[in-house]
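Accompanying notes for the structure given below.
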Amino acid sequence: LAKTTQPISMDSYEGQEVNITCSHNNIATNDYITWYQQFPSQGPRFIIQGYKTKVTNEVASLFIPADRKSSTLSLPRVSLSDTAVYYCLVGALSGSARQLTFGSGTQLTVLP
Amino acid sequence: EPEVTQTPSHQVTQMGQEVILRCVPISNHLYFYWYRQILGQKVEFLVSFYNNEISEKSEIFDDQFSVERPDGSNFTLKIRSTKLEDSAMYFCASSERGQTSGNTIYFGEGSWLTVV
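These protein sequence lines map, in sequence, to chains A and B. First residue of the first sequence: 1, per the working numbering; consecutive thereafter. First residue of the second sequence: 1, per the working numbering; consecutive thereafter.
As structure tokens, this is what we get:
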């Protein structure tokens, strides 16, 4: 599984756009990129997933450059409730079961 | 939105006792997982389960752990003889078998196990 590197922490203010970048230099051809959000004492919550270019859903956008060696999670207009740990995971999604390896994630703190 | 449900939300047990953590995966999912997170540490993979057998397991998942799908809806994690270091939040997760698109794994809210 590809190793990922994220900033340990980020601060932002309410209403701002937040971009969290993840490096995954040894991503494999079959690997997808998935981002999760985790609040204290809760399970990781799926945010977004992509393979290449740009993916957008109702909560976030995911930007993946052509070489796929990094990805950026973009959260538009964050609020205090977006304070959480954000994890970038990379792994193959073949038909067999897979292991997801969680790193330390990025602690996002949204300030008033 | 369908979700993975887990019981109990919190359990306190004495060292050496057996514990069973229960999970109801999302109904049309075929792959099931257990993860754990020790307080302040990373989420760690324990085991994955498909077609009524273990697909993969980590080095954490030793002989004291076992998983079972006793009926069509429940998925359980049994810890045979708990140790203090088993104290953690245990997350159940499930996923569909996706071939042409991302195979998203959905997590439950966790069962917090405290071994005293």
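Ideal Cβ placement from N, Cα and C applies to all residues, glycine included.
{"Query": "Minimum Cβ-Cβ distance from A/Gly7 to chain B less than 8 Å", "Result": "The sequence given here places Pro at residue 7 of chain A; Gly does not occur at that position. Closer than 8 Å: no."}
{"Query": "Cβ of B/Phe107 within 8 Å of any chain A Cβ", "Result": "yes"}
{"Query": "Local Cβ density within 10 Å of A/Val59, reported as buried at 16 or more and exposed below that", "Result": "exposed"}
{"Query": "Residues that A/Phe46 contacts on chain B, provided the C-beta gap is smaller than 9 Å", "Result": "Thr104, Ile105, Tyr106 and Phe107"}
{"Query": "Nearest residue (CA-CA) to A/Ile20, options A/Glu14, A/Met10 and A/Thr29", "Result": "A/Met10"}
{"Query": "A/Thr29 at chain B interface by Cβ criterion, 8 Å", "Result": "no"}
{"Query": "7 Å CB neighbourhood of A/Gln6 in its chain, flanking five on each side removed", "Result": "Ile20, Cys22, Cys88, Gly103, Gly105 and Thr106"}
{"Query": "Within-8 Å CB hit, A/Gly15 to chain B", "Result": "no"}
{"Query": "Within 8 Å, strictly: CB atoms of B/Asp71 and B/Val115", "Result": "no"}
{"Query": "Proximity below 8 Å, CB of B/Ile105 to CB of B/Tyr33", "Result": "yes"}
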